[in-house]
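Working notes, structure below.
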Amino acid sequence: MSVDTGRKVAEAEPSPAGDENRPAVGEGEGVPTLDLADLIQDDNGEIVLFNDSHLPVLALRTDAAAVSRGEVGAHTTASGEDVSGFSYVSFSNGLTVFFKGTDLIVVDGGDA
151 MSVDTGRKVA EAEPSPAGDE NRPAVGEGEG VPTLDLADLI QDDNGEIVLF
201 NDSHLPVLAL RTDAAAVSRG EVGAHTTASG EDVSGFSYVS FSNGLTVFFK
251 GTDLIVVDGG DA
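Residue numbers for the sequence shown follow the numbering used here, so the first one is 151 and each next one is one higher.
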């Protein structure tokens, strides 16, 4: 995975407390779930999730460990998507997922 040293990365803010409708981390029942292995990456190992359905929560199942999270500054992916201001999660397998407008829950795919 190439590293863009021009990225300004800030630590993501936690979701507001008190949302009793939000499932606990790792709890995927009733939450739409995607498998990271099924998603198509660009030449830099980047994946962009667009939340056109306005889902408040989305689960992402993977065997790879999340190694960093945050919000990206100015950045355009190899596929030409402007993800400036999007949240991201980078994984131990080199993939990075950009997303906006949803809470992304990473769940262990070991039992999938």
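Where a beta carbon is used, it is the ideal one built from N, C-alpha and C, also for glycine. Keep in mind it's a predicted model, so treat the numbers as computed, not measured.
Cβ pair residue i, residue j closer than 7 Å
i, j, result
"glutamate 221", "serine 240", "no"
"valine 181", "valine 217", "no"
"serine 242", "alanine 209", "no"
"aspartate 192", "threonine 227", "yes"
Residue i versus the options, residue with shortest Cα-Cα distance
i, options, result
"glycine 223", "Gly235, Gly230, Ala214", "Gly235"
"leucine 199", "Thr252, Val257, Ala214", "Thr252"
"glutamate 231", "Arg219, Ser242, Val247", "Val247"
"arginine 225", "Asn194, Ala215, Leu254", "Per the sequence shown, residue 225 should be read as histidine rather than arginine. Nearest option by C-alpha distance: Asn194."
"glycine 259", "Ile197, Arg219, Arg211", "Arg211"
For residue j and residue i, the rounded distance between their alpha carbons
i, j, result
"alanine 187", "lysine 250", "20 Å"
"serine 229", "threonine 183", "24 Å"
"leucine 189", "aspartate 202", "17 Å"
"aspartate 213", "isoleucine 255", "13 Å"
"glutamate 196", "valine 233", "11 Å"
"glycine 244", "histidine 204", "27 Å"
Residue i CB to nearest heavy atom of the ligand GDP below 6 Å
i, result
"serine 237", "The ligand GDP is not among the ligands present in this structure, which contains no ligands whatsoever."
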